[in-house]
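K.L.:
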Amino acid sequence: NKTRERLTMERGSASSDVTPGFTSKDEVVKKYSEGDYRSYLTPFVFNQNMLDFQKDCFRILKNLNIPHAAIWVRIAPAYFDLVKNRKVPIDGKSSTVYEAWYPKLEKIHSETNTPFWNMNEDSQYKCNEFSDASHMSPNCYPDYTDFIFQKIITAPNIK
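Residue numbers (our numbering): 483 to 641.
Structure (structure tokens):
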């Protein structure tokens, strides 16, 4: 059965038949990164409601005794570089989106004892093929799934 073969090969992910394995060229992904950064992150305004929602979700999962973790899924390296290093005005100061956002994210994960798996800075995750700035190529699905299951296997409070 073709579907079973694909699910086995892609470790449970079912990529679209329309663009199986679609990967954009690096220069195209870099253009997407610039455009997405300007469209979504400039100006950057931190949304506390989104963080509160995530914290509420973690609290509910914990109260129901449901093992959980959070993943910052890999974005294209060119996009990640902009998020981490490009200075923009934030609350009247020049800062990076990463500097404004990431410490708050780390804090709620620490407060809620929720493992946080950052695929953008984890040296164990290697696949850097992207369809655009924020979507992995289906070619990365096996690596992505392997990454998650390896984390599950080694995380003390996920099992």
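For every residue, glycine included, the Cβ atom is placed at its ideal position computed from N, Cα and C.
Keeping to the same chain, check which residues put their C-beta closer than 7 Å to that of Val500; ignore five residues upstream and five downstream.
P.N.:
Translated into positions along the sequence shown, residue 500 becomes position 18. With a pLDDT of only 42 at Val500, under the threshold of 50, the placement of this residue in the model should not be trusted, and no figure is reported.
K.L.:
Measure the C-alpha to C-alpha separation of Ile630 and Thr490 and round it to an integer number of angstroms.
P.N.:
The sequence position of residue 630 within the sequence shown is 148, counting from 1. The sequence position of residue 490 within the sequence shown is 8, counting from 1. Computed Cα separation, rounded: 16 Å.
K.L.:
Do the region 549-565 and the region 514-533 touch if we need at least three Cβ pairs shorter than 8 Å?
P.N.:
They touch, by the three-pair rule.
K.L.:
Assign Ala637 to buried or exposed, taking buried as 16 or more other Cβ atoms, counted over all protein chains shown, within 10 Å of its Cβ.
P.N.:
The sequence position of residue 637 within the sequence shown is 155, counting from 1. Ala637 is exposed by the Cβ-count criterion.
K.L.:
Given a threshold of 16 other Cβ atoms within 10 Å of its Cβ, counted over all protein chains shown, does Ser576 qualify as buried or as exposed?
P.N.:
For this step, residue 576 is matched to residue 94 along the sequence shown. It counts as exposed.
K.L.:
Going along the chain, which unbroken runs of the beta strand (DSSP E) with 3 or more residues stay wholly within the region 511-539?
P.N.:
With a minimum length of 3 residues, no continuous beta strand (DSSP E) run stays inside the region 511-539.
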